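As structure tokens, the structure follows; a few thoughts come after it.
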Amino acid sequence: MPLWQIYHPQGAYTAQDRQELSLKITKLYRRAGLPAFYVNVLFQEMAPGSFFVGGESDDEYVRIVIDHIARRMESEMFPLFMDAVHKLIAPWVANRGYRFEIHGDETPFEFWTVQGLTPPPAGSDEEKRWARDNFASAPIVAPEG
Amino acid sequence: MPLWQIYHPQGAYTAQDRQELSLKITKLYRRAGLPAFYVNVLFQEMAPGSFFVGGESDDEYVRIVIDHIARRMESEMFPLFMDAVHKLIAPWVANRGYRFEIHGDETPFEFWTVQGLTPPPAGSDEEKRWARDNFASAPIVAPEG
Amino acid sequence: MPLWQIYHPQGAYTAQDRQELSLKITKLYRRAGLPAFYVNVLFQEMAPGSFFVGGESDDEYVRIVIDHIARRMESEMFPLFMDAVHKLIAPWVANRGYRFEIHGDETPFEFWTVQGLTPPPAGSDEEKRWARDNFASAPIVAPEG
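Chains as they are written, first to last, in numbering that gives the first Met the number 0: chain W, 0 to 144; chain R, 0 to 144; chain V, 0 to 144.
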């Protein structure tokens, strides 16, 4: 969680663009306490002539699809979150003249594993440990007394 | 909303095919009052040998994945909607001998923006304005006094 | 249902790998009574430098996204299911040194058709017929008395 799939025009982003943008996205979620490695960003080039808006081909479009897994947001949080996203992506999207649309979904927490491990509950000490380590590891079991 | 992702065999569709099919899809949603520009269609070629059905490679398959965002449908509406979809896609799918499967999801309205703007409520005057303009614009605020 | 989208490093899997892995996935769902042809697996190569984890490019990662349509699972079933998935994919993922993350969603049953047909209810005689035939066919209507 989250998985961002960024569908973008061919050749739109250099390796540096991708790294900087994915780092900014990571920082957004770090502020909410998520481990950095939870943040997955996949850049997908759209071949020219493969994306259509209202029945017209549009090769200057960035279409972002987000899956949130680790956290649920209250309805009133979405406008704030989306505003933060707009600001974050502006240098690579609006400021370059690309049209854009973003939508996301919230998928079941229990239908999710990282490196074969069940992630710890949101906000738990174990999650904080994963965040500090920036690494998924098996739960630490207290040694028997 | 909607986002149609059409996974199809390599070379299956010409530029004209894509334009005509995406225009037909757009018209389906226009009938329900949606702005044309809400309708996003992404054609994704599947490389030969990359799609499997029941454990067997199938390169004559069209797999459509739909996200609905702006509208929720009552359960009893789905058969009618899917029938309309089958008729609409037939010239590019069944009539060409492709096997096909379609499924969709309904994702949260509030987890969605277009050109950085929160879309107006379903069926509202503002949505009608967006539909008339075929353009996303900030709400019109009544002048004071 | 299910649709597995397997995002993987370029060149990671041979045709034989793909066939064997998709066959294993199919068998997992066959055990739950699903028709084999319900199981769709799409292998998607990620171009080098297109996938980021925590803001860092990672080209040794397998990212699996699953949509379940035909069945809902009780919360307590997920750990067992995910364990079965981990064992199943190990020869192509963990055992090859790839890092991996898996998540899935459950999408509405009624927003789904196969070959233009509404699939029969879960566990019904008609579904058993589809499973035996490994083929989607129109319902058999009892001849009038």
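All C-beta atoms in this analysis are idealised placements derived from N, C-alpha and C, irrespective of residue type, glycine included.
A quick note: this is a predicted structure, and the numbers were derived from the prediction, not measured.
Provide the residue(s) that pair with residue i in DSSP beta bridges, ordered along the chain.
i                      : result
residue 7 of chain W   : W:44
residue 38 of chain W  : In the DSSP output, where bridge partners are listed per residue, residue 38 of chain W has none listed.
residue 98 of chain V  : V:60
residue 111 of chain R : W:102
residue 67 of chain R  : R:105
residue 52 of chain V  : W:39 and V:55
residue 116 of chain R : R:113
residue 87 of chain W  : The partner list for residue 87 of chain W (beta bridge, DSSP) is empty, contrary to what the question assumes.
residue 27 of chain V  : Note: residue 27 of chain V sits in no beta bridge, so no partner.
residue 2 of chain V   : V:39 and V:66
Considering only residues of the same chain and omitting the five flanking positions on each side of residue i, which have a CB-CB separation below 7 Å?
i                      : result
residue 76 of chain V  : none
residue 47 of chain V  : 9 and 58
residue 159 of chain R : What is shown of chain R runs 0 to 144, which leaves residue 159 of chain R out entirely.
residue 19 of chain W  : none
residue 80 of chain W  : 72
residue 138 of chain V : 125
residue 144 of chain R : Since pLDDT at residue 144 of chain R reaches only 49, below the 50 mark, its modelled position is unreliable, and the value read off the structure follows with that caveat. Excluding residues within five positions, none has a Cβ falling inside 7 Å.
Which chain V residues sit within Cβ distance under 7 Å of residue i?
i                     : result
residue 98 of chain R : 114
Can you list the residues of chain R that residue i reaches, using a CB-CB cut of under 8 Å?
i                     : result
residue 78 of chain W : 109 and 117
State yes or no: is the C-beta of residue i nearer than 7 Å to some heavy atom of the ligand SAM?
i                      : result
residue 117 of chain W : As far as ligands go, the structure on display features none, and thus does not contain the ligand SAM.
Could you tell me which chain V residues have their CB closer than 9 Å to the CB of residue i, listed as they occur along the chain?
i                      : result
residue 68 of chain W  : 102
residue 15 of chain W  : The premise fails here: residue 15 of chain W is roughly 10 Å from chain V at the closest Cβ pair, so nothing lies under 9 Å.
residue 62 of chain R  : 2, 39 and 41
residue 105 of chain R : 106, 107 and 110
Can the beta-carbon of residue i be found closer than 8 Å to that of residue j?
i                      : j                      : result
residue 119 of chain R : residue 126 of chain R : yes
residue 121 of chain W : residue 129 of chain W : no
residue 111 of chain R : residue 101 of chain W : yes
residue 65 of chain W  : residue 1 of chain W   : yes
residue 17 of chain R  : residue 51 of chain W  : yes
residue 22 of chain W  : residue 54 of chain V  : yes
CB-CB under 6 Å to residue i, same chain, minus the five flanking residues each way: which ones, in chain order?
i                      : result
residue 99 of chain W  : 61 and 92
residue 45 of chain W  : 6
residue 97 of chain V  : 59 and 61
residue 114 of chain R : 135
residue 56 of chain V  : 48
residue 74 of chain V  : none
residue 94 of chain V  : none
residue 78 of chain W  : none
residue 140 of chain V : none
Mind pulling the chain W residues with CB within less than 7 Å of residue i?
i                      : result
residue 42 of chain R  : 49
residue 148 of chain V : This structure gives no information on residue 148 of chain V, because the portion of chain V shown stretches from 0 to 144.
Suppose the cutoff is 8 Å on Cβ atoms and the five residues either side in sequence are ignored; what does the same chain contact list for residue i look like?
i                     : result
residue 41 of chain R : 2, 3, 4 and 5
residue 43 of chain R : 4, 5, 6 and 7
residue 14 of chain V : none
residue 32 of chain R : 122, 126, 127 and 130
residue 12 of chain R : 20, 42 and 91
Which bits of chain W does residue i rub up against, with CB to CB less than 8 Å?
i                      : result
residue 28 of chain V  : Simply none; closest approach about 15 Å.
residue 10 of chain V  : Under the 8 Å cutoff, chain W gives no residues; its nearest Cβ is about 17 Å from residue 10 of chain V.
residue 136 of chain V : What residue 136 of chain V touches in chain W: nothing, since even the nearest Cβ is about 31 Å away.
Whose Cβ in chain W lies nearer than 9 Å to the Cβ of residue i?
i                     : result
residue 35 of chain R : 52, 53, 54 and 55
Residues of chain R with CB under 9 Å from residue i, in chain order?
i                     : result
residue 84 of chain V : Those do not exist, as residue 84 of chain V stays about 16 Å from chain R at its closest Cβ, beyond 9 Å.
Residues of chain R with a CB under 7 Å from the CB of residue i: which are they?
i                     : result
residue 93 of chain W : 115
residue 21 of chain V : 51 and 54
Worksheet entry | the region 1–18 of chain R touching the region 89–107 of chain V, judged by at least three CB pairs closer than 8 Å | The answer is no - the region 89–107 of chain V does not touch the region 1–18 of chain R, with fewer than three Cβ pairs under 8 Å.
Worksheet item: Does the pairing of the region 54–71 of chain V with the region 28–40 of chain V give three or more beta-carbon distances under 8 Å?
Response: Segments in contact, yes.
Discussion item. Within 8 Å, do at least three Cβ pairs link the region 84–92 of chain W to the region 22–29 of chain W?
Written reply: Remark: three or more beta-carbon pairs, one from each stretch, lie closer than 8 Å, so the region 22–29 of chain W and the region 84–92 of chain W are flagged as touching.
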